[in-house]
Amino acid sequence: RLSLAALLVVLSAVSARTQEKTDTPRLRVSIRMAQTSYEATQLMRGELTIENLSDKWTPIPAGDELTKSLRLTGPDGKAFEPTKPEQFAATKSKELGPGGFVGIAFDAALLFPVLQQPGNYTLMFKNGALESTAALRIIAGFDPTKNYILTLATVGGDISIALDSVKAPMAARNMVNLARLGFFDGAAIPSIQAGEMVMVRGPVTATHRIVPFEPSTDPVLAGSVVLEPSLTGPGGRGSWPNLSLLLAPRPEWTGQVVVVGRVVAGLEA
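The structure is reproduced here in structure tokens:
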């Protein structure tokens, strides 16, 4: 049984701890990359955001301290520190007002040159209790001077498509990158029109839309591989990475579709 005096002491202590917890400044940090995958030769845009979740002005780490709080972990588990900290667009802010935030843009490729090597990486920010991570997948850069062959392995045999990097460079680049990311692995063949065309469809979402539109200026012949047109959307007319392998000519499609390549082997499949 507690006496009244002891009970008041207990309540006072609880009240004091509660007040102290309420007054503790609270910050939140997050790392966001513009994309989840990049070509090794790309600008790798990211942003570090610090938010003040409290109702009081709150100090934040200095700019150089923010840079030193970044680490990159490679595919083999090896950790890397920023090699060019001066490239980190560090904020000059020393504190944030109630509900305030500051965003700091950076290029991860400048901070970590190792990102020129394909693989899966993890970018981490850790400063005391402030912590955030972002995953990056790096694939080999597209070379427009090379001749790329996209091979579809089907139960009926392999089908090889020579991509047209000259007349449809953006479409060809997207096909190469999507193939390297495994986009076509397990793709469906939803439609076969005997003597006309075979369709190949992957897990297409709004992020896969290809612009600009690169319409064919040559007759669309048998063996052509065309992309599904997208008539409206951001950036104007575009295409989806759904393939139609033509078994017969479609001259009426000239100027209306993007011919991303041509079947060079496996047409009988």
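In this text, residue positions in the sequence shown follow the working numbering: the first is -9, and each later residue adds one.
Built from N, CA and C at the ideal position, the CB exists for glycine as well.
Just so it is clear, the structure is predicted and the values come from calculations on it, not from any experiment.
What number of angstroms, rounded off, separates the C-alpha of residue i from the C-alpha of residue j?
{"i": "Ala255", "j": "Val104", "result": "38 Å"}
{"i": "Asn167", "j": "His198", "result": "11 Å"}
{"i": "Asn117", "j": "Phe173", "result": "36 Å"}
{"i": "Trp243", "j": "Glu41", "result": "53 Å"}
{"i": "Arg127", "j": "Gly36", "result": "14 Å"}
{"i": "Asp154", "j": "Arg252", "result": "8 Å"}
{"i": "Gln183", "j": "Phe102", "result": "50 Å"}
{"i": "Ile94", "j": "Ala24", "result": "13 Å"}
{"i": "Pro108", "j": "Met165", "result": "17 Å"}
{"i": "Leu100", "j": "Gly185", "result": "52 Å"}
{"i": "Met189", "j": "Leu257", "result": "13 Å"}
{"i": "Lys11", "j": "Ser44", "result": "Confidence at Lys11 is low in this model, with a pLDDT of 48, below 50, so the placement of that residue is unreliable and no value is reported for it."}
{"i": "Gly146", "j": "Ile179", "result": "12 Å"}
{"i": "Lys82", "j": "Pro88", "result": "18 Å"}
{"i": "Lys84", "j": "Gly53", "result": "9 Å"}
{"i": "Pro241", "j": "Tyr28", "result": "37 Å"}
{"i": "Ala196", "j": "Gln106", "result": "27 Å"}
{"i": "Asp66", "j": "Pro224", "result": "38 Å"}
{"i": "Arg7", "j": "Glu55", "result": "Unreliable placement is indicated for Arg7, whose pLDDT of 49 sits below 50; the coordinate value is still reported in the next sentence. If I take the Cα positions, the gap works out to 31 Å."}
{"i": "Trp230", "j": "Ile139", "result": "19 Å"}
Using 8 Å for Cβ pairs, my map puts residue i next to residue j. What's the rounded Cβ distance?
{"i": "Leu217", "j": "Ala161", "result": "6 Å"}
{"i": "Thr39", "j": "Leu17", "result": "11 Å between Cβ atoms; not a contact."}
{"i": "Arg170", "j": "Ile129", "result": "4 Å"}
{"i": "Asp148", "j": "Ala259", "result": "7 Å"}
{"i": "Pro239", "j": "Val194", "result": "The pair is not a contact, with the Cβ atoms about 26 Å apart (cut-off 8 Å)."}
On the three-state DSSP scale, how would you describe residue i?
{"i": "Thr48", "result": "strand"}
{"i": "Trp243", "result": "helix"}
{"i": "Pro159", "result": "helix"}
{"i": "Arg252", "result": "strand"}
{"i": "Gln106", "result": "helix"}
{"i": "Pro231", "result": "strand"}
{"i": "Met114", "result": "strand"}
{"i": "Asp154", "result": "coil"}
{"i": "Pro219", "result": "strand"}
{"i": "Asn167", "result": "helix"}
{"i": "Thr195", "result": "coil"}
Residues in the same chain with beta-carbon distance under 8 Å from residue i, minus the five sequence neighbours each way, listed in chain order, please.
{"i": "Ala69", "result": "Arg61, Leu62, Thr63"}
{"i": "Thr123", "result": "Ile21, Thr112, Leu113, Met114, Phe115"}
{"i": "Gly226", "result": "Val201, Pro202, Phe203"}
{"i": "Thr26", "result": "Ala125, Leu126, Arg127"}
{"i": "Leu86", "result": "Leu17, Ile40, Glu41, Asn42, Trp47, Thr48, Ile50, Val92"}
{"i": "Ser59", "result": "Pro51, Phe115, Lys116, Asn117, Leu120"}
Which residues in the same chain as residue i place their Cβ atom closer than 6 Å to its Cβ, once the five residues preceding and following it in sequence are excluded?
{"i": "Leu236", "result": "Met187, Ala212, Ser214"}
{"i": "Val0", "result": "Here the model assigns Val0 a pLDDT of 45, short of 50, so the residue's position is not dependable and the matter cannot be decided."}
{"i": "Thr31", "result": "Gly131"}
With distances taken between CB atoms, is the gap from residue i to residue j smaller than 8 Å?
{"i": "Asn232", "j": "Arg191", "result": "yes"}
{"i": "Thr144", "j": "Ser150", "result": "no"}
{"i": "Ala158", "j": "Val247", "result": "no"}
{"i": "Gly245", "j": "Ser181", "result": "no"}
{"i": "Gly228", "j": "Ser234", "result": "no"}
{"i": "Leu33", "j": "Asp133", "result": "no"}
In chain order, what residues of the same chain lie with their CB nearer than 7 Å to the CB of residue i, ignoring the 5 residues before and after it?
{"i": "Leu120", "result": "Leu17, Val19"}
{"i": "Ala177", "result": "Val190, Arg191, Gly192"}
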